[in-house]
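Residue numbers (the working numbering): 3 to 160.
Have a look at this one:
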């Protein structure tokens with residue numbers, strides 16, 4: 003079964019790395035088809051960034067941006083002020099948010115999962131340039147949502 007994921011974040015937060023990590027973990031978990039690729043222009047650190055991942059138990063022949071994701075991962079909810087992160091999400095889609103809020107605080111008509119990845123990074127002293135690294139806790143949370151990718155495969159990918 004093909005799963006398509008879009009990662010939203012800001013430049014320097016690791017959205018592209020998160021897509022690569024989850025694709026690598028999926029491959030290590032036995033999936034035959036994986037893809038991970040970014041979409042950005044000449045943005046600088048802090049500008050909105052989008053990255054994509056596809057995971058399948060079969061070979062993947064698609065070579066395009068993802069328009070109808072199964073899962074959306076938001077590393078920084080501040081990007082939701084400028085981007086409709088729910089655009090095109092499939093009917094039973096899931097939005098995974100890095101926030102300290104409750105899922106009920108959001109008005110999306112989709113399933114919402116939340117993880118306070120910022121607090122996890124701070125607690126574990128995971129920083130780059132003084133900024134908490136949130137992509138790793140978010141990919142860990144994503145393994146709980148995705149079938150067939152275990153945390154051990156993610157650890158090996160890291």
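Using N, Cα and C, we set each Cβ at its ideal position, and we do this for glycine too.
Next on the checklist: Taking the alpha carbon of residue 115 as the reference point, which residue from 104, 62 and 59 has its own alpha carbon closest?
Outcome noted: By 1-based counting over the chain shown, the position of residue 115 is 113. Among 104, 62 and 59, the Cα nearest to that of residue 115 is on 104.
Checklist entry - Grouping DSSP H, G and I as helix and E and B as strand, with all else coil, what is residue 162? => result In this structure the chain extends from 3 to 160, so residue 162 is not present and cannot be described.
Next on the checklist: Taking only three categories from DSSP, how would you classify residue 31?
Outcome noted: Taking the chain shown and counting its residues from 1, the one referred to as residue 31 is at position 29. Residue 31 falls in the coil class under three-state DSSP.
Item to check | Top-ranked residue by Cα proximity to residue 3, from 40, 57, 38 and 140 | outcome: The residue labelled residue 3 in the question sits at position 1 within the chain shown. Looking at the Cα atoms, 57 is the closest of the given residues.
Next on the checklist: residue 88 and residue 97 - do their beta-carbons sit closer together than 8 angstroms?
Outcome noted: On the chain shown, residue 97 is found 95 positions in, with the first residue counted as 1. On the chain shown, residue 88 is found 86 positions in, with the first residue counted as 1. Going by C-beta atoms, residue 97 is nearer than 8 angstroms to residue 88.
Checklist entry - Roughly how many whole angstroms lie between the Cα atoms of residue 41 and residue 145? => result Along the chain shown, one-based indexing puts residue 41 at 39. Along the chain shown, one-based indexing puts residue 145 at 143. Roughly 23 angstroms separates the two Cα atoms.
Checklist entry - Would residue 158 be called buried (16 or more neighbouring beta carbons within 10 Å of its own) or exposed? => result The sequence position of residue 158 within the chain shown is 156, counting from 1. Exposed is the call here.
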